[in-house]
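Report on one structure; see the data block that follows.
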Ligand SMILES: NC(=O)c1ccc[n+]([C@@H]2O[C@H](COP(=O)([O-])OP(=O)(O)OC[C@H]3O[C@@H](n4cnc5c(N)ncnc54)[C@H](O)[C@@H]3O)[C@@H](O)[C@H]2O)c1
Ligand SMILES: [Zn+2]
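Residue numbers (the numbering used here): 188 to 550.
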């Protein structure tokens, strides 16, 4: 079991990471002084897999767990669903000090986090992330949100958890595509901040894909630690945190131009390679680094070129609508070597178009 501490908003919280960590949930919350009613919110898939275990662990400690189970899917991240949850919290007698556990992937984490941030102006939130993406990315950093209209994550808040319980054992159940979705963020994290970790991923990728218990635990802990360190430096997302958007400027454009037939991780993989090609064209990155990144993504089963079915103009249109603009210009995170990136506001639309079209051509 590994622990990482995060210092945010004047509070310190602990991330407990390892195979079997869910069994420690009651102990961890008792250590923080909680007991009595606790509300666990999860989706139907996760409830079927781990609901009984969490119920047993909490009841075996000082808690009376109450469950709210909702259908899975991004469409649940809505104000309507948040409204339904306020009603359920009221019925369950939740008070200002009642802890709420978000047991699930990023959808549950964002939605439950948003509800916890707003009900009684803030309930204690515990993240128990169950997808690779949620374990290495969405549970860390305090961003919580729902979608409204056609815009994603546009109604939100910052609400830091009191604890994160990350059980890597649960990843054994994750569908292959969801697992690879999270791997894209793992590779991104190594690429922006840690050359040695990138080298480990190159050596360990096969065992990681087999979900080897110790490689998985080490990989999740390292990635989560890097994200925690970045958000600690820039809690409110005004500077350093931008580096986490490596691959996301083009990635979001591709995700939306594919009408979401590509997963977020797949689009980010294509976006990271495109951003690196831009960096080589601008003379700030060597082609050998571009080849290393592409090689690792391919071995991880992720796409690296823009599918022919995707219209480059639609990608460019979606990119300019996206939030990653600084004073009307596209903001790009470009790598300069493995483990190092910098932010550029001077990437021309022409170069982006050329790069995407070239990527099309080699598909
Ligand atoms: N807050 C942030 O900083 C942040 C960062 C990145 C992404 N996000 C958000 O995260 C969301 C995506 O999260 P996600 O990729 O985890 O998707 P998700 O929450 O939809 O989960 C994917 C699927 O896996 C299932 N599942 C979850 N755990 C499982 C397990 N252990 N075994 C088997 N099935 C399991 C779920 O029921 C769901 O069907 C998006 O809404 C995105 O906006 C937020
Ligand atoms: Zn992402």
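We treat Cβ as the ideally placed atom computed from N, Cα and C, and that holds for glycine.
Can you check which of these residues, the options, is closest to residue i by C-alpha distance?
i: residue 365; options: 505, 411 and 452; result: 452
i: residue 386; options: 482, 539 and 491; result: 482
i: residue 487; options: 340, 390, 288 and 269; result: 390
i: residue 434; options: 189, 530, 208 and 299; result: 530
i: residue 247; options: 213, 207, 271 and 517; result: 213
i: residue 323; options: 358, 447, 298 and 521; result: 358
i: residue 282; options: 471, 223 and 421; result: 223
i: residue 471; options: 527, 492 and 429; result: 527
i: residue 468; options: 534, 258 and 346; result: 534
i: residue 354; options: 407, 383 and 363; result: 407
i: residue 254; options: 260, 279 and 284; result: 279
i: residue 257; options: 275, 250 and 242; result: 275
i: residue 371; options: 316, 383 and 480; result: 480
i: residue 273; options: 262, 447, 432 and 308; result: 308
i: residue 148; options: 338, 363 and 284; result: Outside the shown range of the chain, which is 188 to 550, sits residue 148, and nothing can be said about it.
i: residue 289; options: 198, 277, 249 and 231; result: 231
i: residue 423; options: 218, 344, 525 and 338; result: 344
i: residue 277; options: 263, 296 and 302; result: 302
i: residue 381; options: 475, 524 and 264; result: 524
i: residue 474; options: 522, 244 and 456; result: 522
i: residue 320; options: 445, 367 and 250; result: 367
i: residue 284; options: 421, 244, 306 and 456; result: 306
i: residue 338; options: 250, 238, 264 and 536; result: 264
i: residue 477; options: 297, 508, 191 and 375; result: 375
I'd like the list of long-range same chain contacts for residue i, defined as Cβ closer than 7 Å, with 5 residues on each side in sequence excluded.
i: residue 318; result: 292, 293, 361, 365 and 369
i: residue 266; result: 333, 335 and 342
i: residue 485; result: 491
i: residue 442; result: 449, 451 and 454
i: residue 240; result: 209
For ligand 1, I want to know if residue i counts as a neighbour, meaning its beta carbon is within less than 7 Å of at least one of the ligand's heavy atoms.
i: residue 214; result: no
i: residue 236; result: yes
i: residue 544; result: no
i: residue 321; result: yes
i: residue 328; result: yes
i: residue 261; result: yes
i: residue 209; result: no
i: residue 490; result: no
i: residue 325; result: yes
i: residue 346; result: no
i: residue 360; result: yes
i: residue 202; result: no
i: residue 340; result: yes
i: residue 277; result: no
i: residue 368; result: yes
i: residue 353; result: no
i: residue 413; result: no
i: residue 440; result: no
Tell me whether residue i, by its Cβ, gets closer than 7 Å to a heavy atom of ligand 2.
i: residue 391; result: no
i: residue 372; result: yes
i: residue 424; result: no
i: residue 529; result: no
i: residue 455; result: yes
i: residue 335; result: no
i: residue 451; result: yes
i: residue 435; result: yes
Suppose the cutoff is 6 Å on Cβ atoms and the five residues either side in sequence are ignored; what does the same chain contact list for residue i look like?
i: residue 440; result: 502, 505 and 506
i: residue 340; result: 332
i: residue 236; result: 360
i: residue 166; result: Beyond the ends of the chain as shown, which are 188 and 550, falls residue 166; an answer cannot be given.
i: residue 379; result: 430, 433 and 528
i: residue 304; result: 331, 344 and 346
i: residue 384; result: 377 and 409
i: residue 249; result: 217 and 222
Who are the Cβ neighbours of residue i in its own chain at under 8 Å, not counting the five residues just before and after it?
i: residue 286; result: 216, 221, 225, 226, 310, 311, 312, 313 and 349
i: residue 499; result: 493, 540, 543, 544 and 547
i: residue 519; result: 436, 462, 465, 530, 531, 532 and 534
i: residue 404; result: 189, 204, 205, 206 and 355
Could you check how far apart the C-beta atoms of residue i and residue j are, in whole angstroms? I think they sit under 8 Å.
i: residue 193; j: residue 419; result: 6 Å
i: residue 454; j: residue 436; result: Going by Cβ atoms, the distance from residue 454 to residue 436 rounds to 11 Å, so no, they are not a contact pair.
i: residue 410; j: residue 460; result: About 19 Å separates the two Cβ atoms, so there is no contact after all.
i: residue 426; j: residue 458; result: Contact doesn't hold; Cβ gap of about 21 Å is too wide.
i: residue 242; j: residue 252; result: 5 Å
i: residue 295; j: residue 202; result: The Cβ separation is near 17 Å, so there is no contact.
i: residue 444; j: residue 497; result: 5 Å
Below 8 Å, can you find three or more Cβ-Cβ pairs linking the stretch 408–422 to the stretch 327–339?
yes
Quick one: any contact between the stretch 198–209 and the stretch 252–271, if contact means 3 or more CB pairs under 8 Å?
no
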